[in-house]
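Inspection log for the structure reproduced underneath, given as structure tokens.
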Amino acid sequence: LGKNYPTTVAIQGDPKATLPELCEAVRRHAGKGGPPGAAKRRAALAAKHEEERSELAGRARSEAARVPVAPLALVHALAQAAPADTVVVDESISSAAGVRTFFRCADPKSFYALRGGGIGWGLPAAAGIKLALGHRPVLALIGDGSAMYTNQALWTAAREGLAVVYVIFNNGSYRILKQRTHALKGFSAADDRYVAMDLDRPAIDFVGLARALGVPGERVEKTADVAGALGRGFSSGGPYLVDVRLDAAFT
């Protein structure tokens, strides 16, 4: 308890059995006004979150001129350019923290993301979400490693005419695995050698791959070009893929 997420009070129990009792206990002790001090704590947390968002936005702007594109700058540019009612499907993996910081989701159906460690969910999930919420623009943010698991979903999107804009976060590697392996400070970190974690020799042409599956697209190599590519994708009327070449650094 408290290993991954720090807590003030930790409770272990089956969610189905425990949560009803916990909710009843909160209602019983808090009264109609809610838990004492809750409003003040919410306000303090909201202010802290906004301060962190502002700091990260400043960092993203400072990295906007970098080539290859800096991951944080990409996420910030996408959040700035996406329509207000966009539904975000996030499988960007190592860029997920930035996605959750910069995209302001207005309702529970505005944001869908992984809840575990398995990858390859994002491409087909975006197709299903577009079928369910066809009146809203859908933006799928997909790591290049994840995209290689289920790229046939692009063919499904083309066949069914599903207007999803797919952005490939192309760092040419399984970056998240490199980060986790490096954190262990073992042989890989010492030798800077990460076995079977690079997607190169040959590099994957995601625009060509998408085209072969019936989806048009384009490659972006500068942050300044992200907004234009996103606009072309949403105005295309069908599925569209944007392959963004990212800085491959992971430490």
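Taken in order, the sequence shown gives residues -3 to 247; the numbers are from this note's numbering. Here a beta-carbon is modelled for each residue, glycine too, at the ideal position from N, C-alpha and C. Please read these numbers as outputs of a predicted model, since none were measured by experiment.
Rounded separation between residue i and residue j - CA only
| i | j | result |
| --- | --- | --- |
| residue 177 | residue 191 | 10 Å |
| residue 3 | residue -3 | 8 Å |
| residue 142 | residue 199 | 15 Å |
| residue 115 | residue 61 | 30 Å |
| residue 65 | residue 174 | 19 Å |
| residue 206 | residue 213 | 7 Å |
| residue 126 | residue 187 | 45 Å |
| residue 33 | residue 121 | 40 Å |
| residue 124 | residue 85 | 11 Å |
| residue 5 | residue 13 | 18 Å |
| residue 244 | residue 171 | 8 Å |
| residue 219 | residue 73 | 7 Å |
| residue 129 | residue 246 | 35 Å |
| residue 98 | residue 180 | 29 Å |
| residue 43 | residue 36 | 11 Å |
| residue 8 | residue 96 | 27 Å |
Identity of the residue in the options nearest residue i by Cα
| i | options | result |
| --- | --- | --- |
| residue 101 | 135, 142, 4 and 118 | 135 |
| residue 138 | 239, 183 and 132 | 239 |
| residue 150 | 219, 106, 87 and 118 | 118 |
| residue 53 | 93, 181, 237 and 39 | 93 |
| residue 146 | 157, 202 and 168 | 202 |
| residue 160 | 233, 245 and 224 | 233 |
| residue 217 | 26, 69 and 25 | 69 |
| residue 291 | 42, 71, 99 and 236 | Any answer about residue 291 is impossible in this case: the structure gives the chain only from -3 up to 247. |
Strand pairing of residue i, partner residues [DSSP]
| i | result |
| --- | --- |
| residue 215 | 239 |
| residue 86 | 109 and 137 |
| residue 65 | 242 |
Would you say the stretch 79 to 86 touches the stretch 41 to 49, given that touching needs at least three Cβ pairs under 8 Å? no
Sequence ranges, beta strand (DSSP E) only - wholly within the stretch 142 to 207, length at least 3: 160 to 166
Do the stretch 156 to 166 and the stretch 106 to 115 make contact, defined as three or more Cβ pairs closer than 8 Å? no
Any alpha helix (DSSP H) of 4 or more consecutive residues that is wholly inside the stretch 25 to 55: none
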